[in-house]
Amino acid sequence: MKNKKILSLLAVAITAISMTGCSNLYSKSEDKVTLTYDELVARENMMATNWYQTSGEARALYLQGYNVATQRLKEYLKTPHTKPYSIVLDLDETVLDNSPYQAENIILGRGYDSKSWDEWVNMKKAKAVSGAKEFLQFADKNGVKIYYISDRTESQLEATIENLRAEGIPVQANDSVLLKNKDDKSGKVNRREYVKNHTQLIMLFGDNLSDFDLFSSKSIDERNAKVEELSKEFGDRFIIFPNPLYGAFETAIYGGKFPQAKEKLEIKESILKGYKSLETNN
């Protein structure tokens, strides 16, 4: 109950704030903050966004992933094959950096919504993540078929392709960018099967476990158990990148549900494992 009282004080204390920007969240005369639950949830993402946008560690992890992929691809290219080799990559936070969208949401105290996301996509301003351009140009030069499978919508195809090409990312054909069809309920499974039917798929790239085969599990325990089971695939057939901003990991925390802001905070607090709990468990 103590934690819930603290949470209530943080989120509800004082009055609802006007949504004009971060500067309004702070009082110059008093050590207190006025936040709605929605704003508090949005601002929880600030440190993750700071890390993603500024840290050398984030860049190093992307470079590490693409360096490993380059070495694996060189090994594959030495092996005879009948079908053309292919690779499948997610787009967002795997090839393109959308952290400005996350930052804007924090500044405005809002969460994700399709209208603002569409506005960002159509700006075509996402930068390539570190190492992506060099690796993909190498793959393209060596005749590897490159497919991008993303849950961006088909209406965003033109803007997405223009953004990729502006960043020097090879797009071999319009049908190599496979975006989400509203009638397809399979997630990314059917699109991956399409690639497998036409090519020899050798590597998958993503920032979310759902970007890879064999990860249909939803719960925290199931996801973690599957990672252990497939541990040898990472750095070999699976190349995974860091994304603390959003993803299926958060959905797993909520048990596959989509709770309101207040409940999100309560659930996330309830699963924290502090060091005092270790004394209780001994």
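The sequence shown runs -20 to -1, 1 to 262 under mature numbering (1 follows the signal peptide of the UniProt record, and there is no 0).
Glycine residues also receive a C-beta, built at the ideal position from the N, C-alpha and C atoms.
Quick caveat: nothing in here was measured; it's all calculated off a predicted structure.
Given residue i, which residues of its chain have a CB within under 6 Å of its CB, disregarding the five upstream and five downstream residues?
i	result
residue 128	69, 71 and 157
residue 33	79
residue 2	Its pLDDT being 49, under 50, residue 2 is placed unreliably in this model, and the value from its coordinates should be taken loosely. Taken in chain order, the residues that qualify are 87.
residue 244	21
Within the same chain, show all residues whose beta-carbon is closer than 7 Å to that of residue i, passing over the 5 residues directly before and after it, in chain order.
i	result
residue 197	203 and 206
Out of the options, which one is the CA nearest neighbour of residue i?
i	options	result
residue 160	10, 243 and 137	137
residue 64	183, 41, 245 and 227	183
residue 78	191, 208 and 187	187
residue 50	217, 108 and 233	217
residue 131	112, 162 and 46	162
Over what stretch of residues does the alpha helix (DSSP H) that includes residue i continue unbroken?
i	result
residue 201	200 to 209
residue 45	36 to 57
residue 117	112 to 121
residue 195	First-last for residue 195: undefined, no H or E at that position.
residue 81	79 to 88
residue 149	No alpha helix (DSSP H) contains residue 149, which DSSP labels as neither H nor E.
residue 230	228 to 233
Indicate the three-state DSSP secondary structure (helix, strand or coil) for residue i in the structure shown.
i	result
residue 128	strand
residue 133	strand
residue 157	strand
residue 253	coil
residue 106	coil
residue 248	helix
residue 75	coil
residue 214	strand
Once the 5 residues before and after residue i are set aside, which same chain residues still bring their CB inside 8 Å of it?
i	result
residue 120	126, 150 and 152
residue 154	137 and 141
Grab the span of the beta strand (DSSP E) containing residue i for me, first residue to last.
i	result
residue 67	65 to 69
residue 220	218 to 220
residue 182	180 to 186
Looking at residue i: is its Cβ nearer than 8 Å to the Cβ of residue j?
i	j	result
residue 22	residue 91	yes
residue 241	residue 81	no
residue 25	residue 225	yes
residue 83	residue 148	no
residue 143	residue 112	no
residue 45	residue 238	no
residue 199	residue 232	yes
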